[in-house]
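J.: Residue numbers (mature numbering (1 follows the signal peptide of the UniProt record, and there is no 0)): -28 to -1, 1 to 311.
From the three backbone atoms N, C-alpha and C, an ideal C-beta is built for every residue, glycine too.
1. Cβ of residue 241 within 8 Å of Cβ of residue 200?
2. In or out: residue 173 buried (at least 16 other Cβ within 10 Å) or exposed?
3. When the Cα of residue 78 is compared with those of 45, 302, 55, which residue comes out closest?
4. Could you please give me the residues that DSSP links to residue 40 through a beta bridge?
5. Got a sec? Which residues, its chain only, sit under 6 Å from residue 4 by beta carbon, not counting five neighbours each side?
6. Around the C-beta of residue 228, are 16 or more other C-beta atoms found within 10 angstroms, so that it is buried, or is it exposed?
7. Please go through the region 90 to 124 and give each complete beta strand (DSSP E) segment of 3 or more residues, from N-terminal end onward.
8. Between which two residues does the beta strand (DSSP E) carrying residue 165 extend?
9. Give the range of the alpha helix (DSSP H) segment to which residue 292 is assigned.
10. Can you tell me where the alpha helix (DSSP H) holding residue 299 begins and where it ends?
11. My output table needs one value for residue 22: the three-state DSSP class, helix, strand or coil.
12. Just to confirm the assignment, what range does the beta strand (DSSP E) spanning residue 240 have?
13. Just checking my contact of residue 286 with residue 267 at CB under 8 Å: how many whole Å lie between their CB atoms?
14. Report buried or exposed for residue 51, applying the criterion of at least 16 other Cβ atoms within 10 angstroms of its Cβ.
15. With respect to the beta strand (DSSP E) encompassing residue 12, which residues constitute its N-terminal and C-terminal limits?
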């Protein structure tokens, strides 16, 4: 059956779930749970649906999340593996939280995961057509999403925050056709992750990434065919004076949270908000000897290969074109994200 015919016969959310499940006949075994805030589903909250997922299952559980705003911290425990969160549209299906790490955490939240809207401890998590956000604002660490498991896939989604929007603490992960925004270190952690065809938006300068890649891990964060966007010029200062964008409104591509942080941009369009030097050493000159920062075929007003710091790299064709999703994420198990 042609894809166009399938799209015309299935509701958009169910079509998205079908595409996420992949092929091979496994879909027939999948368990489905419906979450609806008005009580018309199996559960009213995402956390209740998580609790209903079988432990250590060999089959996938698909949680269909109906439109609504789902407030509060949500934790997918390690034993709740192979879960798909499927929304109908990212702008109407929102998982949110409003607490940062500097605030008193409400009763019932896990103190190990302060200020985090969604914590994923399980392997093989997938999410599609959802918004994950933390609305705390510029008041400290406030995570929209933290992933500690392995092999997560996030597609057609929005991740919104300010500082530390997305923490990828471990494992390998794949983001595609998604939007991520923040200001300070808003994509960070020690995981290996590919951001494919994503928009990464900086809010008033800051740092896009803060990788803490272990030295033995060949790849950290790799952005492929993506766009870096930022607040548009002209800049308006608090006094209302319109002037050219000041240095403080420009963003660094990244700074190393740990000495061997690894970040690479491949075929990425960079806006004028990106600083010409590109990278920051986090006030530690020794990081310049170990951090692994590179670009291949950057373009746009923020692409300035001749002005980048001397300790970053511009890759040649062979190395740049060789950075495929399969090579970066394959690992010992040969993982290929379902697309």
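T.: On the basis of the supplied data:
1. To locate residue 241, count along the chain shown from 1; it is residue 269. To locate residue 200, count along the chain shown from 1; it is residue 228. In this structure, residue 200 lies closer than 8 Å to residue 241 by Cβ.
2. Position 201 of the chain shown holds residue 173. By the Cβ-count criterion, residue 173 is buried, with 16 or more other Cβ atoms from all chains shown falling within 10 Å of its own Cβ.
3. Your numbering for residue 78 matches position 106 in the chain shown. Taking only the C-alpha atoms, the option nearest residue 78 is 45.
4. One-based indexing of the chain shown puts residue 40 at position 68. 65.
5. Reading the chain shown from its first residue, position 32 is the one you call residue 4. Sequence-distant Cβ neighbours of residue 4 in its own chain, meaning closer than 6 Å and more than five residues away, are 34.
6. Mapped onto the chain shown, residue 228 falls at position 256. Under this definition residue 228 is a buried residue.
7. Taken in chain order, the complete beta strand (DSSP E) segments of 3 residues or longer contained in the region 90 to 124 are 98 to 100, 103 to 106, 115 to 119.
8. Here the question's residue 165 lines up with position 193 in the chain shown. That run of the beta strand (DSSP E) goes 164 to 168.
9. As a working mapping, residue 292 is identified with position 320 in the chain shown. Where residue 292 is concerned, the enclosing alpha helix (DSSP H) starts and stops at 289 to 293.
10. Counted from its first residue, the chain shown places residue 299 at position 327. That run of the alpha helix (DSSP H) goes 297 to 301.
11. One-based indexing of the chain shown puts residue 22 at position 50. Residue 22 falls in the helix class under three-state DSSP.
12. Position 268 of the chain shown, counted from the start, is the residue given in the question as residue 240. Membership of residue 240 in any beta strand (DSSP E) is not indicated, and neither H nor E is assigned to it by DSSP.
13. Locating residue 286 in the chain shown gives position 314, counting from the first residue. Locating residue 267 in the chain shown gives position 295, counting from the first residue. About 6 Å separates the beta carbon of residue 286 from that of residue 267, a gap short enough to meet the 8 Å contact definition.
14. Looking up residue 51 in the chain shown gives position 79. In summary, residue 51 is exposed, with fewer than 16 beta-carbon neighbours lying within 10 Å of its beta-carbon over all protein chains present.
15. Numbered from its first residue, the chain shown carries residue 12 at position 40. Run containing residue 12: none; DSSP gives neither H nor E here.
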